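If you're matching positions, the sequence shown starts at 91 in our numbering and goes up one per residue.
Glycine residues also receive a C-beta, built at the ideal position from the N, C-alpha and C atoms.
None of the values given here were measured: they were computed from a predicted structure.
Take a look at the structure below.
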Amino acid sequence: MHEWALAESVIKAAVEHSAAEKLKKLKEAGVVFGELQAIDGEIFKFALEELRAQFPVAKLCKFKIIKQPAVFRCKACAHEFPLKGLKKTKDEAEFIHFVPEMAHTFLKCPKCKSPDFEIAKGRGVSISYIKGEK
């Protein structure tokens with residue numbers, strides 16, 4: 091259900107941007123959501139399309155959804171490595187998606203084997219660009 095709340099926040103941010111830039115219409119917005127965000131992309135896109143009708147400036151806006159893969163950065167050796175391709179069971183992968191902070195329990199840096207790493211990319215939701223008409 092948080093897909094709807096996230097979609098509403100994205101639309102409100104886009105509408106605020108349009109006001110600041112004096113745009114009459116929003117035509118397109120790129121929305122990035124991280125692999126670790128644990129949202130259903132289909133529901134999120136549907137929510138964006140439904141909620142945009144509440145804002146005249148955004149009612150025809152097309153939302154381009156961009157999924158950002160998860161990337162970790164080792165704090166010991168600074169090596170960056172993607173979640174995709176790391177050995178993990180289906181249960182471990184699902185757990186990491188729901189509680190990303192627990193990745194340390196299941197993963198290690200493939201270069202130095204340290205379990206001390208941070209999430210470098212693939213978390214959160216952001217607007218990467220907005221196109222509009224003045």
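- No Cβ-Cβ contact shorter than 7 Å links Ala97 with Glu125.
- Put simply, of Cys199, Lys149 and Val189 the residue whose alpha carbon is nearest the alpha carbon of Phe171 is Cys199.
- Taking a 10 Å sphere around the C-beta of Gln144, we find fewer than 16 other C-beta atoms and assign the residue as exposed.
- The three-state secondary structure of Ala119, taken from DSSP, is strand.
- Here Glu208 carries a strand assignment [DSSP, helix/strand/coil].
- According to the DSSP assignment, Lys102 belongs to the alpha helix (DSSP H) that extends over His92 to Ala110.
- Lys201 and Glu182 have their alpha carbons spaced roughly 20 Å apart.
- For Phe134, the closest alpha carbon among the candidates Gly175, Cys167, Ile156 and His194 is that of Ile156.
- When C-alpha distances from Ala119 are compared across Lys102, Ile129, Glu132 and Gln127, the shortest belongs to Lys102.
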